[in-house]
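Enquirer: Mind having a look at this structure? Questions to follow.
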Amino acid sequence: MTQNTQILQMLKSSPKGITAMEALEKAQCFRLAARIKNLRDAGHDIETRRESKNGKTYARYWLSAAGDH
């Protein structure tokens, strides 16, 4: 299974979205932003929100309500 497929499955199964740390833990994906770009280029509608915790800023990605095809 490709990382793109793994990340897409994670996005579909997580309504709250995923972060780079979650992608690293669950799919051994070190470059989540690159996989998200691949999925967007393939036509998936993925949204991004910047979040902060303990002084660290990170991105959270999720499939939009219009979502998947």
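If you're matching positions, the sequence shown starts at 849 in this note's numbering and goes up one per residue.
Every residue, glycine too, gets a C-beta built ideally from N, C-alpha and C.
For GLY915, which of helix, strand or coil comes out of DSSP?
Expert: Legend: pLDDT at GLY915 = 49, less than 50; position of this residue unreliable, value from coordinates given subsequently. Here GLY915 sits in coil by DSSP.
Enquirer: Does DSSP classify ARG883 as helix, strand or coil?
Expert: ARG883 falls in the helix class under three-state DSSP.
Enquirer: Is GLN857 closer than 7 Å to CYS877 when the C-beta atoms are compared?
Expert: Not in contact: CYS877 and GLN857 (Cβ atoms no closer than 7 Å).
Enquirer: Check whether the Cβ of CYS877 lies closer than 7 Å to any Cβ atom in chain B.
Expert: No chain B is present in this structure, which holds just one protein chain.
Enquirer: Could you check if ARG883 is buried or exposed, using at least 16 other CB atoms within 10 Å of its CB as the buried criterion?
Expert: Burial call: buried.
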